[in-house]
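*Asks:*
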Amino acid sequence: MTVEEDEYTQLKSNAENLATCLHALLERIEKLEVKQTTPLAELAEPVDQHVRDNGAAKKKRGKKRGKEHSESSNGGARGVGRHDSEEPENSEQVLMSDTVAVDPETGLKKRTIVTERVLTTKTFHALALDSAPALLPLPGRQPIVFESRGVDVEAAQLKQIELENISGLIVVTKVNPEATHGIRPGDAVTEVDGHPVTCKADVEKINKRAKLTLTVAPPYNAPSIFYRLHSDYNCQKDDKRMCHWLPIDVRKGDVVQVLSKDDNWMLARKVHDLNAVGYIPQSLHMEKVSFMSPFGRRVLVLVGASGVGRRTLKSMLLRYAPSLFSTVVPLTSRAPRGNEVDGREYHFVRKEDMLKRIRDGDMIEWGELDGHLYGTSADAVRDIMHGGRMCVLDTAPRALSYLYNGEFMPFVVHISPPQLDEFTQLEGLRPSKRSAEQLAQTCAESEKIANGPLAEQIHLTLINRNMDVTLRRLIDALEALRNDAQWVPVSWMC
Numbered sequence: 001m002t003v004e005e006d007e008y009t010q011l012k013s014n015a016e017n018l019a020t021c022l023h024a025l026l027e028r029i030e031k032l033e034v035k036q037t038t039p040l041a042e043l044a045e046p047v048d049q050h051v052r053d054n055g056a057a058k059k060k061r062g063k064k065r066g067k068e069h070s071e072s073s074n075g076g077a078r079g080v081g082r083h084d085s086e087e088p089e090n091s092e093q094v095l096m097s098d099t100v101a102v103d104p105e106t107g108l109k110k111r112t113i114v115t116e117r118v119l120t121t122k123t124f125h126a127l128a129l130d131s132a133p134a135l136l137p138l139p140g141r142q143p144i145v146f147e148s149r150g151v152d153v154e155a156a157q158l159k160q161i162e163l164e165n166i167s168g169l170i171v172v173t174k175v176n177p178e179a180t181h182g183i184r185p186g187d188a189v190t191e192v193d194g195h196p197v198t199c200k201a202d203v204e205k206i207n208k209r210a211k212l213t214l215t216v217a218p219p220y221n222a223p224s225i226f227y228r229l230h231s232d233y234n235c236q237k238d239d240k241r242m243c244h245w246l247p248i249d250v251r252k253g254d255v256v257q258v259l260s261k262d263d264n265w266m267l268a269r270k271v272h273d274l275n276a277v278g279y280i281p282q283s284l285h286m287e288k289v290s291f292m293s294p295f296g297r298r299v300l301v302l303v304g305a306s307g308v309g310r311r312t313l314k315s316m317l318l319r320y321a322p323s324l325f326s327t328v329v330p331l332t333s334r335a336p337r338g339n340e341v342d343g344r345e346y347h348f349v350r351k352e353d354m355l356k357r358i359r360d361g362d363m364i365e366w367g368e369l370d371g372h373l374y375g376t377s378a379d380a381v382r383d384i385m386h387g388g389r390m391c392v393l394d395t396a397p398r399a400l401s402y403l404y405n406g407e408f409m410p411f412v413v414h415i416s417p418p419q420l421d422e423f424t425q426l427e428g429l430r431p432s433k434r435s436a437e438q439l440a441q442t443c444a445e446s447e448k449i450a451n452g453p454l455a456e457q458i459h460l461t462l463i464n465r466n467m468d469v470t471l472r473r474l475i476d477a478l479e480a481l482r483n484d485a486q487w488v489p490v491s492w493m494c
């Protein structure tokens with residue numbers, strides 16, 4: 001026997017022995033798993049505690065069994081059951097293949113034994129263990145939703161009320177004693193004869209009997225003037241009260257929201273009972289107070305390069321929690337276009353009035369385009385702040401010179417693109433792609449903001465690779481504002 005034949009015989013014997021041992025080992029593993037593996041119960045049962053106790057959900061091989069019954073174990077997951085069956089069905093198979101080939105050079109025969117272990121996989125739906133961003137209001141700040149109601153009024157009755165457009169809502173700020181009792185101060189007119197109301201003119205142009213749809217306006221959609229009373233007042237005991245069909249009883253410590261006032265009387269409603277509305281004398285002992293945002297900061301400023309997604313992120317945040325966040329309507333000196341409504345897209349004012357605001361220092365930022373002025377009024381930001389919501393602005397970094405102080409207490413977030421190579425790859429996934437020069441310019445502009453003279457006023461930088469993820473990280477940061485200690489400049493507290 002040649003050396004090659006002897007080696008061949010030895011290798012063949014070893015291969016056969018190895019295949020036999022491997023097969024026996026797999027059978028033994030299978031039997032042990034049948035005894036020890038507990039099948040998963042229905043996925044509809046709660047399994048969060050089980051997942052936490054074990055670190056992660058593990059895929060287990062098991063047998064399909066017939067009859068089921070569920071039992072509870074100490075500290076374990078509910079709904080885990082044992083299954084019994086006489087003839088279990090294998091969830092894995094062992095396949096062996098044996099091939100013989102002749103080497104054309106040596107003439108030796110080569111036998112190859114392949115053992116394959118085939119596992120039958122099952123599909124499980126992933127459990128969402130990471131909850132969505134909450135941003136729940138603090139205790140006492142739960143958003144109140146009032147049911148709408150319909151009121152039939154004559155055109156003459158509408159002359160007895162005064163309306164104001166506040167954050168896009170048409171609010172009744174004053175009623176005369178002769179007005180219909182169906183319309184109350186603090187009501188918002190949302191529809192006229194089933195048609196949505198977008199501006200005061202939709203109500204003022206009514207010249208016949210109409211049906212108004214009304215709802216109580218929330219505090220942030222009404223004039224942002226608040227007072228804390230230091231004395232009691234019961235209108236039932238006042239013979240000189242202004243309006244008999246609007247009774248109001250206020251006590252020391254109550255906070256009221258003033259809808260309108262004259263020389264002697266205030267038309268107000270209780271903040272904690274918006275249905276309690278009426279006239280109170282201005283001679284009452286009271287102090288003016290402000291409604292604070294729950295985040296400890298009054299303005300959220302989003303800065304960043306053009307095209308990085310600041311405006312989209314702002315819109316997503318406003319839609320996510322409109323009871324907590326709001327933004328301003330900019331001013332412009334140009335005339336309305338098409339279907340634009342004053343107070344919705346822009347506040348349309350005269351150019352002379354805007355120039356006077358600029359000279360008086362009432363504009364946070366402004367610019368000129370095609371001979372028309374555009375800008376953001378500081379008073380509009382103050383109105384939102386005093387209404388208890390956080391004002392969200394997407395501004396140029398130079399606006400921080402106006403906002404970075406104790407009055408506005410901004411939280412400044414820099415929205416930045418990723419590195420240029422990654423930014424280019426992400427841009428390739430968009431339906432409308434920007435050029436490489438535009439992307440490079442965006443990155444350069446962002447780098448200039450990050451290293452510029454106002455960089456020390458930036459509190460957080462978010463790299464925007466995915467808009468949903470960036471929104472989640474922004475919300476997490478805002479949650480931390482009201483839960484963690486904050487460090488602000490000493491000048492803000494003076």
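Numbering (full-length UniProt numbering), first residue to last: 1 to 494. Quick reminder that beta carbons are idealized off the backbone N, C-alpha and C, glycines included. Bear in mind that the values here come from a model prediction, so they are computed numbers and not experimental data.
Jot down the residue ranges of each uninterrupted alpha helix (DSSP H) in the region 326-388, minimum 4 residues, whole runs only, in chain order.
*Replies:* 351-359 and 378-386
*Asks:* Can you give me the C-alpha to C-alpha distance between residue 498 and alanine 19, rounded to a whole angstrom?
*Replies:* Since the first residue of the chain shown is 1 and the last is 494, residue 498 is not available in this structure.
*Asks:* Entirely within the region 268-309 and at least 4 residues each: give me those alpha helix (DSSP H) ranges in chain order.
*Replies:* If we require 4 residues or more, the region 268-309 turns out to have no alpha helix (DSSP H) run fully inside it.
*Asks:* Determine the burial state of aspartate 273: buried for a count of at least 16 other Cβ atoms within 10 Å of its Cβ, exposed for fewer.
*Replies:* Flag for aspartate 273 reads exposed.
*Asks:* Spatial neighbours of lysine 200 within its chain, please: CB distance less than 7 Å, with the 5 preceding and 5 following residues excluded, ordered by chain position.
*Replies:* Leu163, Asn165 and Ile170
*Asks:* What are the boundary residues of the beta strand (DSSP E) that aspartate 394 is part of?
*Replies:* 390-394
*Asks:* If the criterion is Cβ atoms closer than 8 Å, does the pair aspartate 152 and arginine 209 meet it?
*Replies:* yes
*Asks:* What's the C-alpha gap between tryptophan 245 and tyrosine 279?
*Replies:* 10 Å
*Asks:* Within the same chain, show all residues whose beta-carbon is closer than 6 Å to that of asparagine 483, passing over the 5 residues directly before and after it, in chain order.
*Replies:* none
*Asks:* What three-state label does DSSP hand lysine 67 in the structure shown?
*Replies:* Only weak support is given to the placement of lysine 67: the predicted model assigns it a pLDDT of 41, under 50, and the value that follows is read from those uncertain coordinates. In the structure shown, lysine 67 sits in a strand (DSSP, three-state: E or B).
*Asks:* Name the two residues that bound the continuous beta strand (DSSP E) containing serine 260.
*Replies:* 255-261
*Asks:* Does the region 298-314 come within contact of the region 408-425, defined as at least 3 CB pairs closer than 8 Å?
*Replies:* Remark: three or more beta-carbon pairs, one from each stretch, lie closer than 8 Å, so the region 298-314 and the region 408-425 are flagged as touching.
*Asks:* By the DSSP assignment, the beta strand (DSSP E) with alanine 188 in it spans what residues?
*Replies:* 187-192
*Asks:* Could you work out which residue in Ile248, Lys252 and Leu284 is closest to asparagine 264 when comparing CA atoms only?
*Replies:* Leu284
*Asks:* If you count every other CB in all the chains shown that lies within 10 Å of the CB of threonine 9, and 16 or more means buried, which is it?
*Replies:* The residue is exposed, with fewer than 16 neighbouring Cβ atoms inside 10 Å.
*Asks:* Which same chain residues, not among the five before or five after alanine 380, have their C-beta less than 6 Å away from its C-beta?
*Replies:* Val328
*Asks:* Might you give, ordered along the chain, the residues of its own chain that have their beta carbon closer than 7 Å to the beta carbon of tryptophan 366, omitting 5 neighbours on each side?
*Replies:* Ile358, Leu373, Tyr374 and Gly375
*Asks:* Grouping DSSP H, G and I as helix and E and B as strand, with all else coil, what is tryptophan 492?
*Replies:* helix
*Asks:* Can you tell me the Cβ-Cβ gap for threonine 213 and glycine 150, rounded? I've got them flagged as a contact below 8 Å.
*Replies:* 6 Å
*Asks:* Of the residues Ala217, Cys391 and Gln441, which one's Cα is nearest the Cα of valine 277?
*Replies:* The residue among Ala217, Cys391 and Gln441 with its C-alpha nearest the C-alpha of valine 277 is Ala217.
*Asks:* Please report the distance separating the alpha-carbon of aspartate 239 from that of methionine 363.
*Replies:* 47 Å
*Asks:* Excluding the 5 residues flanking methionine 493 on each side, which residues of the same chain have their C-beta closer than 7 Å to its C-beta?
*Replies:* Gly406
*Asks:* Name the residue from Phe325, Ala155 and Pro418 whose alpha carbon lies nearest to the alpha carbon of aspartate 202.
*Replies:* Comparing Cα positions, the closest option is Ala155.
*Asks:* From the DSSP output, read off the bridge partner residues of glycine 150.
*Replies:* DSSP, once it has assigned bridges, lists Thr213 as partnering glycine 150.
*Asks:* Which of helix, strand or coil does DSSP assign to residue 527?
*Replies:* Absent from the model: residue 527. The displayed extent of the chain is 1 to 494, so no value can be given.
*Asks:* Who are the Cβ neighbours of threonine 332 in its own chain at under 7 Å, not counting the five residues just before and after it?
*Replies:* Leaving aside the five residues that flank threonine 332 on each side, the residues in its chain whose CB is nearer than 7 Å to its CB run, in chain order, Tyr346, Phe348, His372, Leu373 and Tyr374.
*Asks:* Whole angstroms is fine: what's the gap from alanine 101's alpha carbon to asparagine 14's?
*Replies:* 18 Å
*Asks:* When the Cα atoms are used, what is the spatial distance from serine 401 to glycine 194?
*Replies:* 47 Å
*Asks:* Under 8 Å by Cβ, that's how I've got glycine 343 and proline 219 pegged, so tell me the actual separation to the nearest angstrom.
*Replies:* In fact, because the Cβ distance is near 19 Å, the residues do not count as touching under 8 Å.
*Asks:* Could you pull the DSSP bridge partners for tyrosine 227 from this structure?
*Replies:* Val256 and Lys288
*Asks:* Quick one: Cα of histidine 386 to Cα of phenylalanine 408, how far?
*Replies:* 11 Å
*Asks:* For valine 192 versus proline 185, is the C-beta spacing smaller than 8 Å?
*Replies:* no
*Asks:* Excluding five sequence neighbours on each side, which residues of the same chain lie with their C-beta closer than 8 Å to the C-beta of alanine 455?
*Replies:* Ile449
*Asks:* Apart from the five residues on each side of it in sequence, which residues of its chain come closer than 8 Å, Cβ to Cβ, to serine 306?
*Replies:* Thr442 and Glu445
*Asks:* Which residue from Val271, Met242, Ile183 and Glu287 puts its Cα closest to that of serine 231?
*Replies:* Measuring from the Cα of serine 231, the nearest candidate turns out to be Glu287.
*Asks:* Between which two residues does the alpha helix (DSSP H) containing asparagine 483 stretch?
*Replies:* 467-483
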